[in-house]
Amino acid sequence: MIITRNWLEKYIDLKGIANSQISVALNSLGFEVEEEKNYDNLNDELVLGHVGFCEKLQGTALSTTFVDTGTELPHLILCGAGNVAEGQFVITALPGMKIANGLTINKREIQGKTSEGMICSLEEIGLGKEFQTEEELDGIYEIHSKDDLYKLSGTPILKTIGFLDYTWEVDLTLNRSDALSAFQIGKEIANYFKRDFNLNLETGLKESSQKTKFDVKISESIRDDIKMVAHTLIETKKIYSLKSENLFLYSNDELMMKFSGIKKENSFFEDVANLIGFESGQPAIILDAKKITKSLEIVNLGNENDPEIVIKHDGKLVSILGKGIESDFLPTEKSEQLVIFYLNINPILMRRQQKKLNLSNCALQRYMKPMSLNLVNLAWEVTISWFHKYDFVESFEGLTFIKTEATDPKTILLPSKRIREYLGFGLNLSRLRKLFAHLDFEINLIGEKNNIFEFICDKNRLDLNFEADIIEEIARLYGYDNIKPIAPVIPMTQKPKDLERNIQGKVSNYLIGAGFTNIKTYSLIKEEDAINWDLFKINKPIKLMSPISKNHEVYRQTLIKSFIDTIEFNSSKGNKNTKFYEIADLYNLDKIRQRHLTISTTGDFIDDKVNKTKIPGSFEYLKSICENVLRVMNVDLEEIDFLLNEESLSEMHPYINAKIMYKNEIIGFLFKLNPRKEQALKVSSAFILEMNLTRIKLMSKKNIELKSISKFQKTSRDVSFEIDSDITLGQHIKQICASVDHLIAYKIIDVYQDEGLKNKNAKAIAMNFTFNSLEKQLSDQDVAEEFNKILKNIENLGYKVR
């Protein structure tokens, strides 16, 4: 957003206020000044010239002109611009004058003729290319004014046309979309300097009691996205003697528009629409009312994610919103009636349209930000004011609303003590009212003890909703530099015990001790990836209103895809052997919040170059890590099963792939990446584990039992037995250990399969069982009795003891 001093002076008395003070004010108010430009000292006192004669110089691209600058004889000036013509009023640099590009004008002889000066373009006197159209860059600038310019020939002209100006380009924070109305920034500056902001939009014209209603139909697909549609009608004065090519903005208005970063359009009426949008913050669409003979339609020719919102009339395109008006519906100087439409549209939809159009203009910049519905009233006043200035208005109608929504000013209650608590000082009602004097706030004292401030906020401020917002406004207006720093008083309080954080810390400590690196991955992924990898069936992913790219559309519902991307990135940098883990929260639209742990290994988890020892990652290794984590979380491993996941994705290995069950509920997944995926990532032995810690915490034992350590010698026994290769032993551990006393531990020693066993589709399991008692030393007979129970349980399951 660019603000100019000349524009500010139309509404604020800036006498005695330097440009540097306004810069300080803008920065203090939170409008960071990114760039300042002083146009006041770029040129010498260039004069107004009138082109009395213009003729092409044969054999050249030059024109011979005689320019009247109020002297006895006109100046012969040779000009290379293609648009120079007889009758124009132009900016003229006479010999000896210096212009912004550093050139000092001298008399020059060209083809036997002496050129006695220069007719200037805006670029030559210092206006940036970014503010001009291609056509303007190729030509000289023609001056237009309401006054009789011929009487001013030869006088310094830059001040008259508003070129001697000073501009501030300010960066608006995301919450201050209201400041896209220049009036809002003007009010802030006036309030800072304690000056009146004189809007002065009165025209002296009387509003017509008649209201003409134009039928506007909104397609069902975007009905909820169109918040407001309103229009007004202007009856124009009969000025048929004018020609369309002579209908221009006055130079002081045009230059103010250019300095404000708005390029000139091909139509006077579109230029006026841009000025209305710039000042009020509400874009306007100006049409020839006589050409609207049937209903207008607002439709979306695209879809929600790729919109193309247009206005149509009898099947014919009137406007692609944000891209201008089709020539068939544009007014001309002979239009008898003007109809001006104002729309308030879902800014998210318009932001997507802006990306599709790849445009950034005055209207789109405002459509794609939240706008107050109340801006339409201000925009209507500004519209009438601008057309009255150009003597267009014979009569005008009030606003007619096709669609709108009720909008009441926001009321926020702020206990007086909150100001002192947050800012370290107190303010009374009088002081607060002075702080907000010109900002359209109403402040009252309410409450039994008159100790609560009632703030009725400016209707255009959509960013004020809570106590904290008002406190921030007070600090901003009071001045951050004026707030005295005070050491905070921090009361000592006992920290509550947080068992969940304690357990998470222990899990992290274990994983770090096991050689894993804690990483943080990006929470946003593609929508299709979020749906594809929703292994935990969280559903309803949270979509961003305006994602920065298609790769960051929704919040993830698993960490696995982020880990695969991290593995790929590390592989591309030559880091093939990795051990990562992350604990992060996942969300959905149903307000579900789950904490998940994801662990991955790639390549060799042991790579000892000294001893020439390499051990690649494996399913069993990551399974043991998983079991140790579950132990930390007080989970009974006898209730854990690792079952084949039959609903695996293409990126997963079809067989080395398990879902982790706890009390018959899925709590996680452990799998190897598909060899093709590993090849694409240029890694080997890539395994990933993810567990739902939130669910595990709810299902695990809440009480931690402390067991006494026996003072007696423990005894162990080994057994080997055959089972089918397709059977998972974890499903039968409980049956094997059923009714066995004094059993304190068991573990699998080995899994063996030779050719003979393979042919029988069998495998041999070797297990170790440990026995002990807290009360006595177990004898061999005691151990034998319990061990025989185990052997019998194995035989009852149909397994063959070797």
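Letter by letter, the sequence shown follows residues 270 to 1071 of our numbering. We put the CB at the ideal spot given by N, CA and C, even for glycine.
Does the Cβ-Cβ distance between residue i and residue j come in under 8 Å?
| i | j | result |
| --- | --- | --- |
| L612 | I495 | yes |
| G318 | L331 | no |
| I929 | G937 | yes |
| L939 | K892 | yes |
| L544 | D522 | yes |
| I578 | Q622 | yes |
| D483 | V587 | First, the residue type needs correcting, since residue 483 is Phe and not Asp in the sequence shown. Going by C-beta atoms, F483 is not nearer than 8 Å to V587. |
| A744 | L692 | yes |
| S979 | L1043 | yes |
| T676 | L698 | no |
| S994 | N961 | no |
| E650 | I829 | no |
| I409 | V353 | yes |
In chain order, what residues of the same chain lie with their CB nearer than 7 Å to the CB of residue i, ignoring the 5 residues before and after it?
| i | result |
| --- | --- |
| K592 | L626, L628 |
| N846 | T871, G872, D873, D876 |
| S815 | I617, R620 |
| R687 | E736, I740 |
| G546 | P552, A553, C631, A632, R635 |
| E399 | none |
| G356 | V320 |
| E884 | Here residue 884 is Ile; the residue named in the question, Glu, does not match the sequence. So the qualifying residues of the chain are D873, F874, I875. |
Rounded to whole angstroms, what's the CA-CA distance from residue i to residue j? Just pull it up for me.
| i | j | result |
| --- | --- | --- |
| F1075 | D660 | Residue 1075 lies beyond the stretch modelled for the chain, which goes from 270 to 1071, so this question has no answer here. |
| R620 | Y636 | 8 Å |
| L556 | S414 | 25 Å |
| V492 | V498 | Strictly speaking, residue 492 in this sequence is Arg, with Val absent from that position. For R492 and V498, the distance between alpha carbons rounds to 11 Å. |
| E534 | G321 | 28 Å |
| E915 | E934 | 15 Å |
| E438 | G395 | 17 Å |
| K486 | T673 | 14 Å |
| W276 | N460 | 16 Å |
| F358 | E411 | 6 Å |
| E385 | F335 | 10 Å |
| K1083 | L746 | An answer regarding residue 1083 cannot be provided, because it is not within the stretch 270 to 1071 covered by the chain. |
| L1047 | R986 | 13 Å |
| L511 | E602 | Note that L511 has pLDDT 45, beneath the 50 cutoff, so the model's placement of it is unreliable and the number below is only indicative. Their backbone Cα atoms lie some 7 Å apart in a straight line. |
| I580 | I589 | 6 Å |
| L1060 | Y931 | 27 Å |
| I594 | E403 | 20 Å |
| L1012 | Q982 | 13 Å |
| A927 | D1049 | 40 Å |
Is residue i buried or exposed, if buried means 16 or more other CB atoms sit within 10 Å of its CB?
| i | result |
| --- | --- |
| G530 | buried |
| S1008 | exposed |
| G455 | buried |
| Q763 | exposed |
| K881 | exposed |
| P552 | buried |
| E666 | buried |
| Q826 | buried |
| D540 | buried |
| E304 | exposed |
| T383 | exposed |
| L967 | exposed |
| P765 | exposed |
| P684 | exposed |
Counting only the same chain and skipping the five closest in sequence on each side, list residues whose C-beta sits under 6 Å from that of residue i.
| i | result |
| --- | --- |
| K306 | T436 |
| G886 | T870, F874, S954, F956 |
| K560 | F598 |
| I788 | F849, E851 |
| T680 | I725 |
| L326 | T333 |
Excluding the five sequence neighbours on either side, which residues of its own chain have a C-beta within less than 8 Å of the C-beta of residue i, listed in chain order?
| i | result |
| --- | --- |
| R862 | D854, L855, Y856, T963 |
| V662 | T472, L474, I503, E504, T505, K506, I653, F656 |
| K753 | G693, F694 |
For residue i and chain B, any beta-carbon pair shorter than 8 Å?
| i | result |
| --- | --- |
| G843 | Checking the listed chains, one finds no chain B in this structure; it contains a single protein chain. |
key: Stretch pair the segment 1000–1019 + the segment 1027–1047: three plus CB contacts closer than 8 Å   = Touching, per the Cβ criterion.
ask   = Taking three-plus beta-carbon pairs below 8 Å as touching, is the segment 986–996 in contact with the segment 1049–1064?
value = A contact is defined here as three or more CB-CB pairs under 8 Å, and the segment 986–996 meets this definition with respect to the segment 1049–1064.
task = For the segment 818–830 and the segment 790–800, state whether three or more C-beta atom pairs, one from each stretch, are separated by less than 8 Å.
result = Judged by Cβ distances under 8 Å, the segment 818–830 makes contact with the segment 790–800, as three or more pairs qualify.
message = Whether or not the segment 702–716 and the segment 418–436 are in contact is what I'm after, with contact meaning three or more pairs of Cβ atoms, one per stretch, closer than 8 Å; do they touch?
response = Counting C-beta pairs with one atom in each stretch, the segment 418–436 and the segment 702–716 have fewer than three that are closer than 8 Å, which means they do not touch.
message = Does the segment 559–575 come into contact with the segment 430–447, if we say contact requires no fewer than three beta-carbon pairs (one atom in each stretch) closer than 8 Å?
response = Result no; under three Cβ-Cβ pairs closer than 8 Å.
ask   = Per the contact definition of three or more C-beta pairs closer than 8 Å, is the segment 762–777 in contact with the segment 719–726?
value = No: fewer than three Cβ pairs fall under 8 Å.
inquiry  = Would you call the segment 369–377 in contact with the segment 285–301, where contact means no fewer than 3 C-beta pairs closer than 8 Å?
reply    = Output reads no: the segment 285–301 does not touch the segment 369–377.
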